[in-house]
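Visitor: Heads up: the sequence shown is residues 10 to 290, going by the numbering used here.
Structure below; questions to follow.
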Amino acid sequence: MAIIQNKKILIVGANSLIASKIVAQLVNCHVVGLINNNDNRVDYNSFEKVHSSLNSLIKENKHFDLIFLIAAYIPYGKMDVPDKKLFISNIDIIAQIVKAYSESRIVFTSSVAVYGNPISRVIRIGSAFNNPNLYGLTKLAGETIIKMHKSYGIIRLSSLYGCGVTSDTFINRLIRQANEDNTIKIFGTGKRLQNYIHIDDAVEIMIKVAVLDENIVMLGVSKESHSNIEIANIVSEKTKANIIYVGIDESCDYLYDAEDCFKKISFYPQKEFKQSVIEMI
């Protein structure tokens, strides 16, 4: 893991698991956080100060060497439903941070949702956008703002997984079904492919991008995509839950080629998928 030393750093989204893992890679750094809501599960002792107001943050801090913009509003299950929180969290805060700290290096976590429905079988960093949902559009707007900045790295992450990740992802839903109902529901044949990036690999990518000397837009994905039934079988094997098939699944497969991206930062995702899912159960 690359280590960052002797920097003044801002983490927007300080009450997240990613933030805590980033902080663990900082040595002799002055770390300031920005949060929307306080989270009692988070240890803020590693932060010099944590602000809940953007205005107070900007007033008290005139400069940061490095900024991690990891906060976002993700409306799981309602990705196309208009919500002012999408604008506030995914666009407006980005614009204000970029304006206030024009000399900082900014690492921005975007999403593969910007691609929408893939036109080609395999998505690469330069693949065309095709009708992204409202959430994807707000992340694309955030990217556009970041690209006007002096120094930046944009990482389009796929679905995060790993111990401690509590978001309402497909893997977490299957584990919850298995533990609560002893049953796992799979839509259609279960052959649909999705990509997942382990949180530790995602943080490693962020650190690598942070210390890079060039501006970059890159994919933050794992090398392989996995089918829904493959994941269901892993969870079922561990929990003994029954798998049942319901309805149909008309969603697209999502496969990625990030080889060129990983070469630029000299890193490839390391986490083994099956074992990492088992550790979450």
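We treat Cβ as the ideally placed atom computed from N, Cα and C, and that holds for glycine.
Just so we're clear, the structure is a prediction, and the values are computed from it rather than from any experiment.
Using CA coordinates, which residue listed in 145, 103, 143 is at the minimum distance from residue 157?
Guide: For residue 157, the nearest C-alpha among the options comes from 103.
Visitor: Which of helix, strand or coil does DSSP assign to residue 73?
Guide: In this structure, residue 73 counts as coil in the three-state DSSP scheme.
Visitor: So, using beta-carbon positions, are residue 186 and residue 193 closer together than 7 Å?
Guide: Yes, the Cβ-Cβ distance between residue 186 and residue 193 is below 7 Å.
Visitor: Decide if residue 91 is buried, meaning its Cβ has at least 16 other Cβ atoms within 10 Å, or exposed.
Guide: Residue 91 is exposed by the Cβ-count criterion.
Visitor: Verify whether the separation of the beta carbon atoms of residue 109 and residue 76 is less than 7 Å.
Guide: It is not a contact, given that the beta carbons lie outside the stated cut-off.
Visitor: With a threshold of 8 Å, are at least 3 pairs of Cβ atoms found where one atom belongs to the region 252-264 and the other to the region 144-161?
Guide: Not touching, per the Cβ criterion.
Visitor: Comparing C-alpha positions only, which one of 198, 21, 16 sits nearest to residue 293?
Guide: Outside the shown range of the chain (10 to 290) lies residue 293, about which nothing can therefore be said.
Visitor: Is the region 54-72 in contact with the region 202-220, if contact means three or more CB pairs nearer than 8 Å?
Guide: With the cut-off at 8 Å, the region 54-72 and the region 202-220 do not touch.
Visitor: Residues in the same chain with beta-carbon distance under 7 Å from residue 288, minus the five sequence neighbours each way, listed in chain order, please.
Guide: Counting only Cβ-Cβ distances below 7 Å, and skipping sequence neighbours, we find 172.
Visitor: With a threshold of 16 other CB atoms inside 10 Å of the CB of residue 253, please say whether the residue is buried or exposed.
Guide: Counting Cβ neighbours within 10 Å, residue 253 comes out exposed, since fewer than 16 surround it.
Visitor: State whether the region 270-278 contacts the region 240-256, with contact taken as three or more CB pairs (one from each stretch) at a distance under 8 Å.
Guide: Because the criterion of three Cβ pairs below 8 Å is not met, the region 270-278 and the region 240-256 do not touch.
Visitor: Where do the N-terminal and C-terminal ends of the alpha helix (DSSP H) with residue 149 fall, by residue?
Guide: That run of the alpha helix (DSSP H) goes 143-155.
Visitor: Entirely within the region 35-122 and at least 4 residues each: give me those alpha helix (DSSP H) ranges in chain order.
Guide: DSSP runs (the alpha helix (DSSP H)) wholly in the region 35-122: 63-69, 93-96, 102-109.
Visitor: Can you give me the C-alpha to C-alpha distance between residue 180 and residue 219, rounded to a whole angstrom?
Guide: Distance between the alpha carbons of residue 180 and residue 219 is about 29 Å.
Visitor: May I ask you to verify whether the region 30-45 touches the region 224-235, counting CB pairs closer than 8 Å and requiring at least 3?
Guide: No, because fewer than three Cβ pairs between the region 30-45 and the region 224-235 fall closer than 8 Å, the two stretches do not touch.
Visitor: Could you give the distance in angstroms between the alpha-carbon of residue 52 and the alpha-carbon of residue 46?
Guide: Roughly 14 Å between the two C-alpha positions.
Visitor: Identify every residue that forms a DSSP beta bridge with residue 158.
Guide: Residue 158 pairs with nothing; no bridge assigned.
Visitor: Are residue 79 and residue 162 touching if we call contact CB-CB under 7 Å?
Guide: Not closer than 7 Å, so no.
Visitor: Pull up the CB-CB distance for residue 113 and residue 73, whole angstroms please, since I reckon it's below 8 Å.
Guide: Yes, they are in contact, since the Cβ atoms of residue 113 and residue 73 sit about 5 Å apart, within 8 Å.
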